[in-house]
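Structure first, commentary second.
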Amino acid sequence: TLASKIINEKESVPLKKKTVKSKGGDASHTFILSFSAMTSSSAPSRKALSKIACNRLQKELTEWQLNPPTGFRHKVTDNLQKWTIDVTGAPGTLYANETYQLQVEFPVNYPMEAPQVIFVPPAPSHPHIYSNGHICLDILYDSWSPAMTVSSVCISILSMLSSSPAKERPADNDRYVKNCKNGRSPKETRWWFHDDKA
Numbered sequence: 618t619l620a621s622k623i624i625n626e627k628e629s630v631p632l633k634k635k636t637v638k639s640k641g642g643d644a645s646h647t648f649i650l651s652f653s654a655m656t657s658s659s660a661p662s663r664k665a666l667s668k669i670a671c672n673r674l675q676k677e678l679t680e681w682q683l684n685p686p687t688g689f690r691h692k693v694t695d696n697l698q699k700w701t702i703d704v705t706g707a708p709g710t711l712y713a714n715e716t717y718q719l720q721v722e723f724p725v726n727y728p729m730e731a732p733q734v735i736f737v738p739p740a741p742s743h744p745h746i747y748s749n750g751h752i753c754l755d756i757l758y759d760s761w762s763p764a765m766t767v768s769s770v771c772i773s774i775l776s777m778l779s780s781s782p783a784k785e786r787p788a789d790n791d792r793y794v795k796n797c798k799n800g801r802s803p804k805e806t807r808w809w810f811h812d813d814k815a
């Protein structure tokens, strides 16, 4: 993975976590979903989701609750725009029984634009994951399609973790993280995807 040139800077919105435990499923690995509560004072410049985005996310949430992917568990609150997802590595992989947290933030025009997806530090040590939580995965950027869902993104990230041959950071980790201060988004990075390996 090679990441370079930070283009712009966005205001970082702090995550306020609130979860309610739900029943469901036995799993060898789990995704635990929660919506973070967000008030106008915590994000005064944030635009509301479009009606299309709200309807789409409500549909995704309903489908997840009715037919959750095998091995997934979720928790919910009342905010659709920012989700947190706990990911536990699959058995037989380098990340087996290790749990990490993803933060997923949806743009106003979702699903036409990809969500911002990062790991909340400490992020897993992986050749495509930077220590600040940014993920080098093409479907989160240039290869995003409106047909993709939160569930499909999670499955892709779990697959990326499961297929990793080593626990190590990208070669340019220190330089990239240094250039990403002040809450810059990974979507403001120009990514070069030069391999198809995890």
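For the record, in the sequence shown the residue sitting at position 132 is 749 according to my numbering, with numbers rising by one throughout. Where a beta carbon is used, it is the ideal one built from N, C-alpha and C, also for glycine. Keep in mind it's a predicted model, so treat the numbers as computed, not measured.
For residue j and residue i, the rounded distance between their alpha carbons
| i | j | result |
| --- | --- | --- |
| Arg801 | Pro763 | 24 Å |
| Glu626 | Tyr793 | Only weak support is given to the placement of Glu626: the predicted model assigns it a pLDDT of 35, under 50, and the question is left unresolved by the model. |
| Asn799 | Pro732 | 19 Å |
| Ser639 | Asp695 | Low confidence applies to Ser639: its pLDDT is 43, below 50, so where it sits in the model is not reliable enough to give any reading. |
| Lys784 | Ala707 | 15 Å |
| Met765 | Asp791 | 31 Å |
| Gln698 | Tyr712 | 28 Å |
| Ser779 | Ile669 | 34 Å |
| Leu674 | Ser781 | 30 Å |
| Thr806 | Asp759 | 11 Å |
| Met729 | Asp789 | 30 Å |
| Tyr717 | Ser776 | 14 Å |
Check whether residue i and residue j have beta carbons under 8 Å apart
| i | j | result |
| --- | --- | --- |
| Cys797 | Asn749 | yes |
| Leu754 | Ile735 | no |
| Glu715 | Pro741 | yes |
| Pro803 | His745 | no |
Nearest residue (CA-CA) to residue i, options the options
| i | options | result |
| --- | --- | --- |
| Trp700 | Lys664, Ser773, Pro724 | Pro724 |
| Leu719 | Asn790, Ala665, Val767, Asn799 | Val767 |
| His743 | Thr679, Lys664, Thr710 | Thr710 |
| Leu757 | Pro741, Ser781, Val721, Ser780 | Val721 |
Extent of the continuous alpha helix (DSSP H) run through residue i
| i | result |
| --- | --- |
| Glu680 | 668–683 |
| Val767 | 767–779 |
| Arg786 | Note, Arg786: premise wrong, no alpha helix (DSSP H); not H, not E. |
Residues that DSSP places opposite residue i in a beta bridge
| i | result |
| --- | --- |
| Ile756 | DSSP lists no partner for Ile756. |
| Thr716 | Thr705 |
| Val725 | DSSP, once it has assigned bridges, lists no residue as partnering Val725. |
| His743 | Ile746 |
Enclosing beta strand (DSSP E) for residue i [first to last residue]
| i | result |
| --- | --- |
| Val735 | Per the sequence presented here, residue 735 reads as Ile, with Val not at that position. Ile735 -> beta strand (DSSP E) spans 733–737. |
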